[in-house]
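Colleague: Numbering (this note's numbering), first residue to last: 47 to 809.
Yeah, the Cβ is synthetic: ideal placement off N, Cα and C, and Gly gets one too.
(1) Going by DSSP, which residues form a beta bridge with residue 667?
(2) With distances taken from CA atoms, which of 267, 661 and 591 is nearest residue 400?
(3) In whole angstroms, what is the alpha-carbon distance linking residue 760 and residue 495?
(4) Sorted by chain position, which residues of the same chain lie with C-beta nearer than 6 Å to residue 389's C-beta, five sequence neighbours on each side aside?
(5) Hey, how far is the Cα of residue 756 from the Cα of residue 58?
(6) Which word fits residue 484, buried or exposed, when buried means at least 16 other C-beta atoms lie within 10 angstroms of its C-beta?
(7) Can you tell me whether residue 111 is helix, strand or coil according to DSSP?
(8) What does DSSP give as the partner residue(s) for residue 582 in the beta ladder?
(9) Tell me, to the nearest whole angstrom, how far the beta carbon of residue 661 is from that of residue 611; I am working on the premise that it is less than 8 Å.
(10) Residues in its own chain within less than 7 Å of residue 422 by CB, not counting five upstream and five downstream?
(11) Return the chain-ordered list of same chain residues with a C-beta closer than 8 Å to the C-beta of residue 217, the five sequence neighbours on each side being excluded.
(12) Please return the same chain residues whose Cβ sits closer than 7 Å to the Cβ of residue 223, not counting the five positions on each side in sequence.
(13) Compare the C-alpha of residue 164 against each of 655, 306 and 720 and name the closest.
(14) Would you check if the distance between the CB atom of residue 108 and the CB atom of residue 129 is smaller than 8 Å?
(15) Return the CA-CA distance between residue 349 and residue 615, expressed in angstroms with no decimal places.
(16) Checking the sheet assignment: what are the DSSP bridge partners for residue 186?
(17) Taking 6 Å as the limit between beta carbons, can you name the residues of its chain near residue 288, skipping five residues before and five after?
(18) Determine the direct distance from the alpha carbon of residue 340 to that of residue 238, and round the result to whole angstroms.
(19) Would you give the residue range spanned by the beta strand (DSSP E) that residue 168 belongs to?
(20) By a C-beta neighbour count over all protein chains shown, 10 Å radius and 16 as the cutoff for buried, is residue 351 buried or exposed?
(21) Take the Cβ of residue 359 as the centre, count every other Cβ of all protein chains shown within 10 Å, and call the residue buried at 16 or more, exposed below.
(22) I'd like the span of the beta strand (DSSP E) that includes residue 251, first residue to last.
(23) Applying the 10 Å Cβ sphere with the 16-neighbour rule, what's the burial state of residue 779?
(24) Mapping DSSP to helix, strand and coil, what is residue 713?
(25) Restricting to runs no shorter than 3 residues, where is the beta strand (DSSP E) found entirely within the region 378–439?
(26) Span of the alpha helix (DSSP H) holding residue 136?
(27) For residue 145, which residues from the same chain have a beta carbon less than 6 Å from its beta carbon, with the 5 sequence-adjacent residues on both sides left out?
(28) Whose C-beta lies closer than 7 Å to the C-beta of residue 639 among residues of the same chain, with five residues either side of it excluded?
(29) State the beta-bridge partners of residue 523 as determined by DSSP.
(30) Please list the terminal residues of the continuous alpha helix (DSSP H) segment that includes residue 103.
(31) Along the alpha helix (DSSP H) that carries residue 613, what are the first and last residues, could you check?
(32) The alpha helix (DSSP H) spanning residue 245 covers which residue range?
(33) Quick check: the region 578–587 against the region 621–634, are at least 3 beta-carbon pairs closer than 8 Å?
(34) Quickly, what does DSSP pair residue 557 with across the bridge? List them, please.
(35) First and last residue of the alpha helix (DSSP H) that includes residue 760?
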């Protein structure tokens, strides 16, 4: 697992008194250049077999002095950076070890090689072990140019440097190497030697090998002039890296032979599958590969743009987005909010396991749902889209999933992780589930424990938190599980595991929860029975594909329901909203508060009830929220807290301790934000009392700066609150709104709200 240690900062200055760079090429020269620009005050010397390179380095002002003999340059050196070719590393280390006594007593040695196992072995042969003052490292930066003349101080800015320290590393030495690279503007990461070499073999070494091979193959053909003359941009982009230093890459491929060969084996196997698909005209296999690759590439782009998804997600910070919402505004119009996230997740999961092709309309194209799509692509399911909310899933049947190449990343979605846990517990292969930083803090013992009772082998991180490691091939047995908490995610997880279990799986819930899983399973022809508070199914059946029309998400609609409920003169109609009886707590609670809310054109689509919801402003009154409505509105309470702040009297919520283990502690997060705005409130363990304004002739509260804690519902709730504020509300850390409601800002502006989006650099 990759650990993000720190981010580069232009304010960091390296204070080494005397730095020696061995190998003054592009990498070593750019290091010297970057340090000079950062304000480095120490002496920089260089050793290079080419005296002309050393002279040029002095002339360019990069180094103070240098020479061609390492032993003559070690006096008083406090840090040595080895920037020589990998296959030259052992000879240089040997020479270094013979003269190291002349260096400072606290000398630190680091390197820039791209194959860490080989360099570690060099150190072990030369020194007998890897000494504590050696910190192996690798800057992920480079150019097709070479030599000190190509040195640039910007080479490492906003790039990564991976450190691979040994367990016995000296803490001070590690810290000094971190500072060295931070001073160059780099982001410093840390991982094991083995993990580094595996990752780089796939993401850097293999692409270079393929580029060299392709260009060489075409260059030896008779038509090579026409091939290169008429090559399109894609060819030039892909083959650009074939212009890199041949000697350097020869050394890398030899040094990292095992990892390169392993990645090449995987590539050749994939290429063979593509060849077979082309030969046989297998369109499903081709679309599965191309769609999987296309969407994976999309996620690589979102990661580079500092949004949220990619296999090496821990290697990027989460992008920062701020909402600035001016007070006042209107709430008028007809809207259709995005498709229901819960149903979008389930439509992909069940469609993938079904026999036949499932056509989905209204799919939510948010980060969480897209992560679920990508996870099934990684398990071999052919999925077309999404295109304007339409997705086509070529089901593989109950036992057709294939082992993914690595951990399955589910973004910010607790729903996806908990449902995946049940589904994967019944597979024949091992799997691992992980998510973003927010999700890794959420409790997963509530699904892991009952799955273990069914016979699953599941490991979690400390405290029952992600990642989840699931051992495949475990025979599952049906159980009767009496849920200690009302959770649709736990219930759905166990029902999905029950599909693969011997016998009957029964789940009793202490209070009603959303029943999308049961309804959709029945829609796919898999019988789920219910009597009172208990539902059950028999294992061993099959799913049959069919069309799904995902209703608009009532959780997303809630923000505009509340917007209209608190804004004088408001009149909003929300179209095609799901009004599943297990999800209408927000409608019931707003109605109890006196809202003018009407359901129009009620109908059923694919087994799910839907309606258009019209809501017009009338003054709200505070209420004691009925306990039986709490599980029916658990995701909607942040917005309902805003409604309470605008109602006459006090609104009291109890029995909502589940809110404390959502993407954030939503009770405390909302209370902290209400305090900033000046709303009177009292927090209790399982709820909150909120004293509302109730006078629509004046603003209900002030403005201020709110920390959403990365919780999308907190961010959107305080944006809506600005409709009745006396001053601007600024909401930080709003990037995760994309997980559930990517068009929120556009729709908010459409109804008349004064909301703008700022990046971290703008704030």
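Modeller: Working from what's here:
(1) 694
(2) 591
(3) 30 Å
(4) 562 and 596
(5) 27 Å
(6) buried
(7) strand
(8) 552 and 575
(9) 6 Å
(10) 394, 398 and 429
(11) none
(12) 154, 156, 181, 183 and 209
(13) 306
(14) no
(15) A caution first: residue 349 carries a pLDDT of 45, below 50, which makes its placement in the model too unreliable to give a value.
(16) 206
(17) 257, 258 and 261
(18) 30 Å
(19) Counting along the chain, residue 168 falls outside any beta strand (DSSP E), though it belongs to the alpha helix (DSSP H) covering 162–173.
(20) Model confidence at residue 351 stands at a pLDDT of 48, short of 50, so the residue's coordinates are unreliable; what they give is reported in the following sentence. Result: exposed.
(21) Low confidence applies here, because residue 359 scores a pLDDT of 29, under 50, leaving its location unreliable and the question unanswered by this model.
(22) Per DSSP, residue 251 belongs to no beta strand (DSSP E) and is neither H nor E.
(23) buried
(24) helix
(25) 378–381, 403–407 and 428–433
(26) 135–145
(27) 117 and 120
(28) 666, 667, 669, 689 and 693
(29) 548
(30) 97–105
(31) Unbroken run through residue 613: none, as it is neither H nor E.
(32) 239–246
(33) no
(34) In DSSP, residue 557 forms no bridge with anything.
(35) 758–767
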